[in-house]
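Following: one structure in structure tokens, then a few remarks.
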Amino acid sequence: MTNPPAGSGEELLGRATEALRRQPLPGWSRVRSGLLAAVRRTQQPSTPVRGRHELGEFLLAGAVVVSAVRGALDQLAGVSVVGVRCATDGDRLDALAVDVAVTFGTFVPAAAEAVRAVGAALVADLLGPRPGTQPVRVDVHVVDVVDATGRSRP
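Okay, structure coming up:
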């Protein structure tokens, strides 16, 4: 994509758009914490997934699994979590689908393997051992490549 000529309407519109993005809305800081608190209090339905421990079986909200996985994966270098979804068969967790953005220059196969390993280990910690010997499947989808500031790269 080429830059519009200096002084053109497109160039002026682009500069104005960037300036607006950098300028917070008046009053936003006053309502932000209240709005975030209200969102956190909103109960969101979540499909339960079955876990096992030494005392028996239990159900854990899928949203708890998603939140824990997201938090663990956010610690990985070069990877930003865009989304996490649980794939279930009834109340059995079959797989995790993890959408990530990788930082430009990150070796994608190694990043994907790290996401799989961390995701599977965390699910095993949360839900206990799965029947059989296979860990939960973690499907990794690289949905974007970003620069060091988090902006998409062409």
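Per our numbering, the sequence shown starts with residue 1180, numbered consecutively. Glycine included, every Cβ here is placed at the ideal spot set by N, Cα and C. Here the structure is a predicted model, which means the values were calculated and not measured.
Counted as a single uninterrupted DSSP element, the stretch harbouring A1251 is not any beta strand (DSSP E) but the alpha helix (DSSP H) occupying residues G1241 to L1252. A1291 counts as buried, since at least 16 other C-beta atoms from the protein chains shown sit within 10 angstroms of its C-beta. Rounded to whole angstroms, the separation of the alpha carbons of G1329 and V1228 is 33 Å.
Taking C-beta atoms as the reference points, F1283 and V1325 count as a pair closer than 8 Å.
Short of 8 Å from the beta carbon of A1293, and not among the five residues preceding or following it, lie these beta carbons of its own chain, in chain order: L1255 and V1258. A1274 is bridged by DSSP to A1266 and R1316. For R1229, the uninterrupted beta strand (DSSP E) run begins and ends at P1227 to H1232, by DSSP. Taking C-beta atoms under 8 Å as the contact rule, V1322 and D1278 qualify, at a distance of about 5 Å.
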